[in-house]
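This report concerns only the one structure given below.
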Amino acid sequence: MTTEQISLFVLFAAILAIMLWGKFRHDLVAAAGLFLAVLIGVVPEADAFSGFAHPAVVVVALVLIASRALENSGALALIAENLIKSGRPLWAHITITGGVAAALSAVINNVAALAMLMPLDIQAARKAGRSPGLTLMPLAFAAVLGGLITLIGTPPNIVASAIRQAQLGEPYRMFDFAPVGVTIAGAGLIFIALVGWRLIPRARTPSPLFVKQDEFVADLAVPKESDLIGEFVSDLEEDAEDADVVIIGIIRDGKRLPRQGRYLQIHAGDRLTVEGSRDSIATFIKASSLQETSEEDQLVDADGKRISAPELPLTMADVIVRSDSPLAERSAQSMRLRSRYGVTLLGIARAGRFFREEVRARQIEAGDLLLIAGTKDAIENSVRWLNLMPIGQVSVAAPKFWRVALAVGLFVGAIAAATTGALSFTTAIAIAILGYGASGLVPAREFYTTIDWPVVVMLACFLPLGAAFDQVGGTALIADGLLIMTAGGSPVVALTLLMAVVMLLSGVLNNVATIVVTGPVAIVMAQHLGVNPDTFLMGATIAASCSFLTPIGHQNNTLVMGPGGYAFGDYWRVGLPLEIIVLMVGVPMLLFVWPL
């Protein structure tokens, strides 16, 4: 091995190890690896930022915006709401929701498809009186399988197309993935609906979605002769912290005062709204000499009209922490969640456990389901600024015809132009997005917030690293090593081994990073065997997307972990047989559609 090969192997091993460690964001790790490669001379300085201009990176970003336009039109959500009902048998419910998820994932980002369907699935579970954990994992897996069907279904397909263009001269077309992808998705969906959901443990802790508000929030009255009269609300915060409760508002004359009301003096008859567990609230009541109001006790507004507590502007919401959220790996205290964003963290659901005590000091992780309280505007702003996924009641109004027609028309037009060769896909989808912006289907502010920047940055950093690895002969060494492992077996054995290795790697590493490294290896393996490189490249691409063994293998897996109450080990119970089915169905289909 040459010095450059050794340097890049060590660098990639370090990148993989740090990503497995999970303490740093993948995009930051990729960027650090790229800059280190430039410093040691294995990546030319002139090529360091070439990835940001790469067509694959541009297409990944543009497809996310197009997905948002289709969502904003309202058509997809309306279709999903009309199809997903609670009264069906569980296997039928999973078949329909999984089929809808797979179909949506073929044309929009699969994370967006999951985000659209998850609230509907949870509502159906609530109405049917069953745990959402029985259906959320099948839904997430179905959305992943749907991404196999088209070029834009998932980022690894786009990257594989770019690899094919660079090494074989032509990119993949929009529906080149469909014959194999549809077959695998269909077989996987049948397994999930009939067998897979039965492998999910049923005994799971209820998520915050099923916890009543009065278990967390209480209105405490200030007695007429209380020693607290004349003091400031902030003077009570030490007692509140000792009891592990938070004072989240003050009500006076039937009106909730703004956040700065904590600096006002306490009057007789005021009510302090506090949150915490029942035991914590009881401890605070003893320490502060406040009085808990009864359920029947009502408030009076300035005009003397009686109003009940649920009509007050304070509300609660369940949100999921995305992997790229600023909250990930931070605590509510360190983020100053209440003072900055006006919301209070009430509980955390993670891996089948629900934390209520000292939650503001607890580190939040990607995939956690959070119960937060605040005004409606504060919650909506927090969801947007902190990149959270809201889970709650969904009511879809009938979309306007012109919005649906424009969104679908521009998208279909872009696909048609790219499929017929009239325009490149990048140009066609960019023109469609200009139309979305001009019409207001995607507001200007959403153009940047819609793009999954960590994925874009990671891909842009990995592409120069992958190119350098290929140029110094690293891909050839790995390909030779895999061929040696087949012990002179047939190309079919080599293809199966390649897909199995890529699946395992994708289970612990981001699927985009996986295909950047293994895509060129697949082509070299095929060339050394003297067979069709498309068979092997397609196999590696499919395998990179089929990551079902762990909650960290795909963002969809992570997002359902909190609401479903899943433990880390629950995924392989369904994921392992599903990946075996992918191999059993995928290899013969690859040999049929892309013969050796």
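Under our numbering, the first residue of the sequence shown carries the number -18, and numbering increases by one thereafter.
Ideal Cβ placement from N, Cα and C applies to all residues, glycine included.
Only a predicted model underlies this, so the values are computations on that prediction, with no experimental measurement involved.
Quick check: the Cα distance between residue i and residue j, rounded to an integer number of angstroms?
i      : j      : result
G455   : L(-11) : 8 Å
W575   : T516   : 5 Å
F335   : T408   : 48 Å
V92    : A448   : 28 Å
T401   : A395   : 10 Å
A494   : G14    : 12 Å
Q(-14) : P445   : 15 Å
V423   : T431   : 9 Å
G3     : V541   : 19 Å
E560   : G127   : 15 Å
G534   : T135   : 14 Å
P119   : R179   : 10 Å
I46    : I414   : 7 Å
R233   : D216   : 18 Å
Q452   : V437   : 23 Å
A(-2)  : F5     : 11 Å
S48    : E256   : 38 Å
V176   : G556   : 12 Å
T499   : V161   : 19 Å
F450   : I353   : 46 Å
G55    : R384   : 8 Å
D358   : E206   : 36 Å
F122   : A263   : 43 Å
L308   : N362   : 14 Å
A290   : V88    : Note that A290 scores a pLDDT of 44, beneath 50, so its modelled location is shaky; the value from the coordinates is reported in the next line. Distance between the alpha carbons of A290 and V88 is about 44 Å.
Q241   : L485   : A caution first: Q241 carries a pLDDT of 49, below 50, which makes its placement in the model too unreliable to give a value.
Please confirm whether residue i and residue j have their CB atoms less than 8 Å apart.
i     : j    : result
L(-8) : A11  : no
T78   : D102 : yes
I360  : A298 : yes
E475  : L518 : Residue 475 is actually Ala in this sequence, not Glu. No; because the gap between Cβ atoms is not below 8 Å, this pair is not in contact.
I271  : V203 : Note on identity: in this sequence residue 271 is Leu, with Ile being the wrong assignment. Yes, the Cβ-Cβ distance between L271 and V203 is below 8 Å.
V214  : I139 : no
A166  : I130 : yes
I496  : G567 : no
Y417  : A50  : yes
S315  : L367 : no
Does residue i come out as helix, strand or coil in the three-state DSSP assignment?
i    : result
W271 : It is worth fixing the name first, because residue 271 is Leu in this sequence and not Trp. Note: L271 maps to coil in three-state DSSP.
G79  : helix
W575 : coil
S261 : helix
T401 : helix
M0   : helix
G454 : coil
T539 : helix
T254 : strand
A298 : strand
I372 : strand
L367 : coil
I353 : strand
I89  : coil
With a cut-off of 8 Å on the beta carbons, I'd call residue i and residue j a contact; round off their distance for me.
i    : j    : result
P501 : Q146 : Not a contact, Cβ separation roughly 13 Å.
L71  : A82  : Not really, about 16 Å apart at Cβ, beyond 8 Å.
G348 : T539 : 4 Å
L478 : T467 : 6 Å
V578 : T531 : Residue coverage of the chain in this structure runs from -18 to 577, which leaves residue 578 outside it and unanswerable.
V512 : L577 : 4 Å
F158 : A224 : About 57 Å separates the two Cβ atoms, so there is no contact after all.
L117 : M97  : Incorrect: roughly 14 Å between the Cβ atoms, too far for contact.
A441 : V38  : 5 Å
I301 : G543 : 6 Å
S471 : A525 : Incorrect: roughly 23 Å between the Cβ atoms, too far for contact.
State buried or exposed for residue i, treating a residue as buried only when at least 16 other CB atoms are found within 10 Å of its CB.
i      : result
I133   : buried
R337   : buried
T(-16) : exposed
F172   : buried
G545   : buried
Any heavy atom of the ligand MN within a distance shorter than 7 Å of the CB on residue i?
i    : result
D208 : For the ligand MN, the structure offers nothing, since it holds no ligand at all.
Does any C-beta atom of chain C lie closer than 8 Å to the C-beta of residue i?
i    : result
G534 : The structure shown has no chain C; it contains just one protein chain.
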